[in-house]
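Take a look at the structure set out below.
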Amino acid sequence: MKLLTTETKNNVLRSMIRILDDRREVLLEANRKDLQAFNKEDRAMYDRLIVDGHKIDGMIRSVREVLEQEDPVHKVISSKTVGEGLEVTNKTAPFGTIMIIYESRPDVTIEAAVLAFKANNKILLKGGKEAIHSNEVLAGFWHKALEENQLPASWIQLLTLDRNATQEFLKNPPEKLDLIVPRGGERLIAFVKEHATCAVLVSGRGNNFLYVDEEADWDQSISVILNAKTDKISACNALDKILVSKKLPGYEDKLKQLRDILREKEVTVLVDGEVAKVLSDAETIPSEAVWYEEFLALKCCIGAVSDVDEAIAKINTYSGGHSAAIMTREKGTALRFMEQVDSAAVYHNASTRFTDGGQMGVGAELAISTDKLHHRGPLGLKELVTNKYYVVGDGHIRV
Numbered sequence: 001m002k003l004l005t006t007e008t009k010n011n012v013l014r015s016m017i018r019i020l021d022d023r024r025e026v027l028l029e030a031n032r033k034d035l036q037a038f039n040k041e042d043r044a045m046y047d048r049l050i051v052d053g054h055k056i057d058g059m060i061r062s063v064r065e066v067l068e069q070e071d072p073v074h075k076v077i078s079s080k081t082v083g084e085g086l087e088v089t090n091k092t093a094p095f096g097t098i099m100i101i102y103e104s105r106p107d108v109t110i111e112a113a114v115l116a117f118k119a120n121n122k123i124l125l126k127g128g129k130e131a132i133h134s135n136e137v138l139a140g141f142w143h144k145a146l147e148e149n150q151l152p153a154s155w156i157q158l159l160t161l162d163r164n165a166t167q168e169f170l171k172n173p174p175e176k177l178d179l180i181v182p183r184g185g186e187r188l189i190a191f192v193k194e195h196a197t198c199a200v201l202v203s204g205r206g207n208n209f210l211y212v213d214e215e216a217d218w219d220q221s222i223s224v225i226l227n228a229k230t231d232k233i234s235a236c237n238a239l240d241k242i243l244v245s246k247k248l249p250g251y252e253d254k255l256k257q258l259r260d261i262l263r264e265k266e267v268t269v270l271v272d273g274e275v276a277k278v279l280s281d282a283e284t285i286p287s288e289a290v291w292y293e294e295f296l297a298l299k300c301c302i303g304a305v306s307d308v309d310e311a312i313a314k315i316n317t318y319s320g321g322h323s324a325a326i327m328t329r330e331k332g333t334a335l336r337f338m339e340q341v342d343s344a345a346v347y348h349n350a351s352t353r354f355t356d357g358g359q360m361g362v363g364a365e366l367a368i369s370t371d372k373l374h375h376r377g378p379l380g381l382k383e384l385v386t387n388k389y390y391v392v393g394d395g396h397i398r399v
């Protein structure tokens, strides 16, 4: 794609801010159609689908944040002169064409596209059928913003493909794809990885763990657990698994208190065999497979461990590699946990709900990557570029 000037890109974003604000009711009406057609039994998906005034404000804020950020393209990473005067400069460069596949959330149509566009990438948006009316309106807003600035609508395209058509598109794309980012559950990620012929950056899967150490502040632990579990169940940074040290003072009474507090918040509690010895009325975890699951629901597992090493081993075996937390007053134990747990974000005495571009100071994010190549964690504007070497000589030949 042609390299656009920073001024041109920012003018598109200014147009988009105005259009989003002026045409709120058009978007809200489209979203009402989506909500009316949706099965509300899937509460997490339904929550993600909702667009209201607050969410539109968030979309506008995301565009404005990216507008104010420095253009990430054509920045010098390194520069040196080698050999007999050969000048080698490494600069940031756009990926090219990025395809984003996501479920339910219309705000992704804004947040993902604005980041990819300012990084000078062409964007293909494949939203879920449940948000079709909302996404079509938002894509129309983008096209109006582009046209106002004499740019073709092809910079940002909404694909309306069913599952079979999407599979064929991934196998035989009609144009070159440079990167695909699936944002959704494990089935979506597996589907994309199975059929894609270009690089896939995995994001979105949570299954996050929190370990309560024997040296934990119990009241603080309860507060953090409740925030991580109940603040937003549809978020990939929500808590699913709680591990409690059997050496925690008042272990049995505290397990009972934790169960009661979670139940008061209507959280379904599953327990392992050790915890079941104390919480005999709780449902036991039916199979090992449950430890691998991301719930996206008011449900959690409580398990018992002997020490921090067992907690680390369990987390590294079952978690999605997204976020993990330890509650402890002992800084040495916390550091050991944070260094050895294999997750994109690790926390000491804090909720996993902070794994978010805005909360971490990155700004708007395309996704939370759990891949280790290219980048792990929130994918902000600076992470949506690759690099290119510029080599300048004067008739240089290699001998």
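With the first letter of the sequence shown counted as 1, position 61 gets the number 61 in this note's numbering; the numbers rise by one all the way through.
By construction, the Cβ of each residue, glycine as well, lies at the ideal position given by its N, Cα and C atoms.
Query                                                                                                                                                                        : Result
Determine the direct distance from the alpha carbon of Ser351 to that of Gln157, and round the result to whole angstroms.                                                    : 36 angstroms
Spatial neighbours of Gly393 within its chain, please: CB distance less than 8 angstroms, with the 5 preceding and 5 following residues excluded, ordered by chain position. : Gly85, Leu86, Glu87
Buried or exposed for His322, going by 16 or more other Cβ atoms inside 10 Å?                                                                                                : buried
In the DSSP assignment, what are the bridge partners of Cys236?                                                                                                              : Note: Cys236 sits in no beta bridge, so no partner.
What are the boundary residues of the alpha helix (DSSP H) that includes Thr97?                                                                                              : Careful: Thr97 lies outside any alpha helix (DSSP H), inside the beta strand (DSSP E) at 97 to 102.
Would you say Leu13 and Asp34 are within 8 angstroms of each other, going by their C-beta atoms?                                                                             : no
Let's test the definition: count the other Cβ atoms within 10 Å of the Cβ of Asp213 and tell me whether it reaches 16, buried, or not, exposed.                              : buried
Which residue wins for smallest C-alpha separation from Asp272, given the options Val290, Glu264, Arg263, Ile261?                                                            : Val290
Please report whether the beta-carbon of Arg259 lies at a distance below 8 angstroms from any beta-carbon of chain B.                                                        : Annotation note: the requested chain B is absent from the structure, which comprises a single protein chain.
Considering only their Cβ atoms, is the gap separating Ala216 from Ser134 smaller than 8 angstroms?                                                                          : no
Grouping DSSP H, G and I as helix and E and B as strand, with all else coil, what is Arg336?                                                                                 : helix
If you follow the alpha helix (DSSP H) that Thr6 is in, where does it begin and where does it stop?                                                                          : 6 to 22
Between the alpha carbons of Thr230 and Cys301, how many angstroms are there, rounded?                                                                                       : 14 angstroms
Please give the ranges of any beta strand (DSSP E) in the region 141 to 169, keeping only runs that are unbroken, at least 3 residues long and fully inside the region.      : 156 to 158
Mind checking which residues open and close the alpha helix (DSSP H) that includes Gly53?                                                                                    : 53 to 68
How long is the line joining the alpha carbons of Thr81 and Tyr389, rounded to whole angstroms?                                                                              : 13 angstroms
Under 8 angstroms, do Tyr318 and Tyr292 count as touching if we go by C-beta distance?                                                                                       : yes
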